[in-house]
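Participant: Numbering (our numbering), first residue to last: 932 to 1757.
I'd like to ask you about the structure that follows.
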């Protein structure tokens, strides 16, 4: 290989590079767009990704009413508190303690709140992020309360303010009492709207932090490994009733970080493939031009400088433009898009960090360097003669030509297989973009799925009178007439009543003994021997309940059990499901017998425990006995004094506010409107949206940006490919191929790209999406792909692949005749 002697003409090379950029701007527009889009993509994804992560944390704060990372539940000792305070990376340890509950006020008989004492660390540090306002001060005297406006409204005293008094009847460990309280403060914010009391009041109730307290821990670092979590558990030496739980955000910090890093790496890889593909095609298209430069005396080193200088200027303008556009997009376009979808503009706050700017510039520059290195090296190492003979795609010969079939399909397939490397890069770039788009759409969809319960009911109507300690004081407010009136609404799909009757479970050596040991450990302050003696002598003092559910509710519950229950045996009343099984700890009681005597019946019944659940779906306030769930038909046939304690209503159309308002009007028209407690999925979704803030808007912003980038990426790739095949296409037209046939061949090529990219995304991409979704899914939302975004993505891909190739071909060749295009090869 022979080159001319080097000479010192850097200024000439620099001038030539600038002159080439200026006069051959069209050739570098695609390259500039590639750099611009890569920078735009990196900055946007990083900015919106951090914003999305910040909103995940904010959602958790607003849902639970505090900014903590771990909670030690069911009591704590002074030693355990000191261990938490001295543990590595713990920056604050706050605490609360249950102090009883209000039963009624002078104007409302049914209150669903609790008295809570919060220490200064919790109230002044950990709960502040969840509060929006506070008037007055935290209670100090025994008769002082900190309340919310919502709690005052439920008490029937919405007009009260700081300094006013209210009378409440409440219950603590010593019994039921009535007391006049003074409002020392009113707070507003997120989370439970309980009544906060003073330490002096707590001391009068009999509740102790050793059994009813909760410790809240806040860590300094975002990452908390499983090893550190386990070490904290071991140092605390938890009792059987205690539980240490980490917030979903903190407990899966490693998984969340892994998922975010994976998305970031995919984004960087997508940017690299985009720039490499464009540079590779651009260099290939100019190889013959470089050969002419060699013949005029340019050396290898000078060619490197010439090419790198052009890329440098393209990189400067592309990175600057991408940063500026991404900044404007994040500040204005994303909030505008979110507002158009129903979010308030002031809720949409995009998070920025100085490291994003530096990281984006470094990654974009590194991507340009890596994407430019190999094509420039290939251009510099080719000889002048090889350059003049160079063709963008090497000829591929075959011993036997198959003339069967549609020739346009064969030509389209051959075009994709001529250069597998280029095709693989294009497909990888396209598939990665589609995968990330669908992945983020799945994560965004998961936020709305978080509102559903296991039976997916729209409205739950609770019998408020069941909160009374004595079942004899319960009132049958959910009557058959009321149920029929609700069912008559044309928008109501089903109404599922939950029935209950009191039972007595006598002591027996097997299950009853295990159950009472768990109850004693969790809730009683006396030795088990004393509890056992009293239980054997007076089992009626430890009454509990048997609940009846219909077939639909059983099927929904059974689907969520790890080991499904025999349906036929359950409907016959041969087996039952045990509620509140958490008191048993790790003890498995499945298969054991539970014997009970129903209210008004002397003959006992025995059931085999087929399953045990620990959530609160069927928990009730009992005197210590277990709550069991059976078939409603069996309960009606074998028990007396049956009460309907809950109605689960589902609508024909989900989130139908008209139907819900009709039901509320029915309840308001009864004489017992204060005896109902409603749990609405519509209201829960509204509360969740308030807690999520601009999470939906940010997620929509990321997916929209990725959709745009994917479209531009494919347009750039197709444009470069057609630019380099311009001569070959002109030759085919010169020997008889019509414009219509050319367009059809290009469309078929696009369809092959679409089929391949969608196929890879639908197989390998789904596995990647599942991995990333489970990594960041600390809320336990079931995995499901969003149907509408997936369909829209597929249709958009097909439309792009059909419309872009012929459109790009027309734009590139619109001012050139066939002869001019063929001469372009010379």
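All C-beta atoms, glycine included, are put in the ideal place defined by N, C-alpha and C.
(1) Consult DSSP for residue 1351 and reduce its assignment to one of helix, strand or coil.
(2) CA-CA distance, residue 1665 and residue 1740?
(3) Am I right that residue 1681 and residue 1736 are in contact with their C-beta atoms under 8 angstroms? What's the rounded C-beta distance?
(4) Restricting to Cα atoms, I'd like to know which of 1466, 1463, 1508, 1244 is closest to residue 1484.
(5) Out of 1516, 1534, 1533, 1679, which one is the CA nearest neighbour of residue 1543?
(6) The ligand NAD and residue 1058: does any heavy atom of the ligand fall closer than 6 angstroms to the residue's C-beta?
(7) Rounded to whole angstroms, what is the Cα-Cα separation between residue 1436 and residue 1112?
(8) Among 1658, 1123, 1049, which residue has its Cα nearest to the Cα of residue 1082?
(9) For residue 1678, which option in 1524, 1732, 1026, 1465 has the closest C-alpha, if you only look at C-alpha atoms?
(10) Three or more C-beta pairs under 8 angstroms: does that hold for the segment 1558 to 1565 against the segment 1470 to 1483?
(11) Looking at C-alpha atoms only, which residue of 1092, 1137, 1093 is the closest neighbour of residue 1102?
(12) Name, in chain order, the residues that DSSP records as bridge partners for residue 1149.
(13) Cα separation between residue 996 and residue 1066?
(14) In the DSSP assignment, the alpha helix (DSSP H) including residue 1684 goes from what residue to what residue?
(15) Determine the contact status of residue 1459 and residue 1467, defining contact as a CB-CB distance below 7 angstroms.
(16) Counting C-beta neighbours from all protein chains within 10 Å, is the total for residue 1498 16 or more, i.e. buried, or is it exposed?
(17) Can you have a look at residue 1545 and say buried or exposed, based on whether 16 or more other CB atoms are within 10 angstroms of its CB?
(18) Tell me the rounded alpha-carbon separation between residue 1116 and residue 1598.
(19) Can you tell me whether residue 1565 is helix, strand or coil according to DSSP?
(20) At what residues does the alpha helix (DSSP H) containing residue 1596 begin and finish?
(21) Could you tell me the distance, in whole angstroms, from the CA atom of residue 1355 to the CA atom of residue 1349?
(22) Return the residue from the list 1580, 1292, 1606 that minimises the CA-CA distance to residue 1594.
(23) Can you check whether the CB of residue 1370 is closer than 7 angstroms to the CB of residue 1434?
(24) Suppose you measure from the CA of residue 1269 to the CA of residue 1585; what does that come to, to the nearest Å?
(25) Which residues in the same chain have their Cβ closer than 7 angstroms to the Cβ of residue 1512, if we skip the five residues on either side of it in sequence?
(26) What is the residue span of the alpha helix (DSSP H) that residue 1415 lies within?
(27) Between the beta-carbon of residue 1397 and the beta-carbon of residue 1405, is there less than 7 angstroms?
(28) To the nearest angstrom, report how far apart residue 1170 and residue 1014 are at their CA atoms.
(29) Taking the alpha helix (DSSP H) that residue 1610 belongs to, which residues open and close that run?
(30) To which residues of the same chain is residue 1242 closer than 7 angstroms at the C-beta, ignoring the five residues directly before and after it?
(31) Per the DSSP calculation, residue 1536 is bridged to which residue(s)?
(32) What are the boundary residues of the alpha helix (DSSP H) that residue 1289 is part of?
(33) Could you spell out where the beta strand (DSSP E) holding residue 1118 opens and where it closes?
(34) Is it true that the CB of residue 1129 sits closer than 7 angstroms to the CB of residue 1071?
(35) How far does the beta strand (DSSP E) with residue 1664 in it reach, from first residue to last?
(36) Assign residue 1722 to buried or exposed, taking buried as 16 or more other Cβ atoms, counted over all protein chains shown, within 10 Å of its Cβ.
Facilitator: Looking at the atomic coordinates:
(1) helix
(2) 16 angstroms
(3) 5 angstroms
(4) 1508
(5) 1516
(6) This structure does not include the ligand NAD; it has no bound ligands of any sort.
(7) 40 angstroms
(8) 1123
(9) 1732
(10) yes
(11) 1137
(12) 1023
(13) 18 angstroms
(14) 1670 to 1691
(15) no
(16) exposed
(17) exposed
(18) 33 angstroms
(19) helix
(20) 1588 to 1600
(21) 11 angstroms
(22) 1580
(23) no
(24) Low confidence applies to residue 1269: its pLDDT is 46, below 50, so where it sits in the model is not reliable enough to give any reading.
(25) 1543, 1544, 1545
(26) 1411 to 1418
(27) yes
(28) 15 angstroms
(29) No alpha helix (DSSP H) holds residue 1610; the beta strand (DSSP E) holding it covers 1607 to 1611.
(30) 1299, 1303
(31) 1527
(32) 1285 to 1312
(33) 1106 to 1120
(34) yes
(35) Looking at the DSSP string, residue 1664 is not in any beta strand (DSSP E); the run it does join, the alpha helix (DSSP H), is 1657 to 1665.
(36) exposed
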